[in-house]
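Comments concern the structure below.
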Amino acid sequence: AQSVTQLDSQVPVFEEAPVELRCNYSSSVSVYLFWYVQYPNQGLQLLLKYLSGSTLVESINGFEAEFNKSQTSFHLRKPSVHISDTAEYFCAVRKMNTGFQKLVFGTGTRLLVSP
Amino acid sequence: GAVVSQHPSWVICKSGTSVKIECRSLDFQATTMFWYRQFPKQSLMLMATSNEGSKATYEQGVEKDKFLINHASLTLSTLTVTSAHPEDSSFYICSASTGNSPLHFGNGTRLTVT
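Respectively, the protein sequence lines represent chains H and V. Using the working numbering, the first residue of the first sequence is number 1, and each one after it goes up by one. Using the working numbering, the first residue of the second sequence is number 1001, and each one after it goes up by one.
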């Protein structure tokens, strides 16, 4: 079975500083990888995903993540964060050719951006 | 973009009563809807998968008689927490999919049972 590890439960950072949220996964087969963002009292929104092709994927709001198969990682990065990026970020994985019921979430990382 | 509406956003109920939560796909037909439960500072745990017109598939450990799921149409699924108890207090989130499309999540329902 797949599993996802987000080592950092909380990451405090100052506005305009760079940030990296770590995600490692475990799977014996090929997987799809996702990052979701959750703002307070809201559902999750898809931030970006890796399905195939280029290992570097980008979102429209400046986040990027790189799939590293050898290190089984999919870390999320942003070169300069804003106050509005404060939220909970979830990494998720599911096996290729399986449905969303097989989507496994990490425990989340709370990004706290302060002025 | 695709929108999933979840209602109510929060509800307080007395122990022993039942609460119904609705999940609607507003601009697309959702062949599959998922119900999750999220405890404070924890991740989402899938409770059940709901396919239109058929019985929901519950994850191990989820009581199907307590968490009744109905997916009567391609745009509506409901979760009814029956005979709620304080330990059922949680944040419940639904999501919807047309199959190969990305998941679209509702904004969640915070249930407090007193």
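Ideal Cβ placement from N, Cα and C applies to all residues, glycine included. Keep in mind the model is a prediction, meaning the values are calculated, not measured.
Residue i - containing beta strand (DSSP E), residue span
{"i": "residue 1030 of chain V", "result": "Counting along the chain, residue 1030 of chain V falls outside any beta strand (DSSP E), and DSSP gives it neither H nor E."}
{"i": "residue 15 of chain H", "result": "Segment: none, residue 15 of chain H is in no beta strand (DSSP E) and carries neither H nor E."}
{"i": "residue 1024 of chain V", "result": "1019-1025"}
{"i": "residue 23 of chain H", "result": "Note, residue 23 of chain H: premise wrong, no beta strand (DSSP E); not H, not E."}
{"i": "residue 1007 of chain V", "result": "1004-1007"}
{"i": "residue 30 of chain H", "result": "From DSSP, residue 30 of chain H is part of no beta strand (DSSP E); its letter is neither H nor E."}
{"i": "residue 90 of chain H", "result": "87-95"}
{"i": "residue 83 of chain H", "result": "Run containing residue 83 of chain H: none; DSSP gives neither H nor E here."}
{"i": "residue 3 of chain H", "result": "3-5"}
Nearest-angstrom Cβ-Cβ length linking residue i and residue j, presumed shorter than 8 Å
{"i": "residue 111 of chain H", "j": "residue 19 of chain H", "result": "7 Å"}
{"i": "residue 81 of chain H", "j": "residue 13 of chain H", "result": "6 Å"}
{"i": "residue 1081 of chain V", "j": "residue 1066 of chain V", "result": "7 Å"}
{"i": "residue 1032 of chain V", "j": "residue 1050 of chain V", "result": "7 Å"}
{"i": "residue 1058 of chain V", "j": "residue 1093 of chain V", "result": "16 Å between Cβ atoms; not a contact."}
Beta-ladder partner(s) of residue i, from DSSP
{"i": "residue 107 of chain H", "result": "Per DSSP, none; premise fails for residue 107 of chain H."}
{"i": "residue 1107 of chain V", "result": "DSSP, once it has assigned bridges, lists no residue as partnering residue 1107 of chain V."}
{"i": "residue 68 of chain H", "result": "H/73"}
{"i": "residue 1112 of chain V", "result": "V/1012"}
Heavy atom of the ligand GDP within 8 Å of residue i beta-carbon
{"i": "residue 56 of chain H", "result": "Ligands displayed in this structure: none; no statement on the ligand GDP is therefore possible."}
Item to complete: Note down, one range per segment and in chain order, each beta strand (DSSP E) of at least 3 residues found wholly within the region 1032-1058 of chain V.
Response: Counting only runs of 3 or more, we get 1032-1038 and 1044-1051.
Item to complete: Anything in the region 1092-1110 of chain V with a Cβ closer than 9 Å to a Cβ of chain H? List those residues in chain order, please.
Response: The region 1092-1110 of chain V vs chain H, Cβ under 9 Å: 1093, 1094, 1095, 1097, 1099, 1102, 1103, 1104, 1105, 1106, 1107, 1108 and 1110.
Practice prompt. May I have a chain-ordered list of the beta strand (DSSP E) segments no shorter than 3 residues that lie completely inside the region 34-60 of chain H?
Written response: Listed in chain order, the beta strand (DSSP E) runs fully inside the region 34-60 of chain H are 44-50 and 56-58, counting runs of at least 3 residues.
Worksheet item: If contact means a Cβ-Cβ distance below 8 Å, which residues of the region 1019-1032 of chain V contact chain H?
Response: Shown in chain order are the members of the region 1019-1032 of chain V whose Cβ falls below 8 Å from a Cβ of chain H: 1032.
Fill in: Positions along the region 1035-1049 of chain V whose CB lies within less than 7 Å of some CB in chain H
Residues 1042, 1043, 1044, 1046 and 1049.
Worksheet item: Looking at chain V, which residues of the region 37-55 of chain H have a Cβ within less than 8 Å of any of its Cβ atoms?
Response: Taking 8 Å as the Cβ-Cβ cut-off, the region 37-55 of chain H approaches chain V at 41, 42, 43, 44, 45, 46 and 49, given in chain order.
Item to complete: Could you name the residues of the region 1060-1082 of chain V whose beta carbon sits closer than 8 Å to any beta carbon of chain H, in the order they occur along the chain?
Response: From the region 1060-1082 of chain V, no residue has a Cβ closer than 8 Å to chain H.
Worksheet item: Which residues, in chain order, does the region 87-111 of chain H contribute to contact with chain V at a C-beta distance below 7 Å?
Response: Those would be 90, 100, 101, 105, 106, 107 and 108, in chain order.
Discussion item. To test your reading of the DSSP string, which unbroken beta strand (DSSP E) runs of 3 or more residues are found completely within the region 1055-1094 of chain V?
Written reply: Given a length threshold of 3 residues, each whole run of the beta strand (DSSP E) inside the region 1055-1094 of chain V is given here in chain order: 1067-1073 and 1076-1081.
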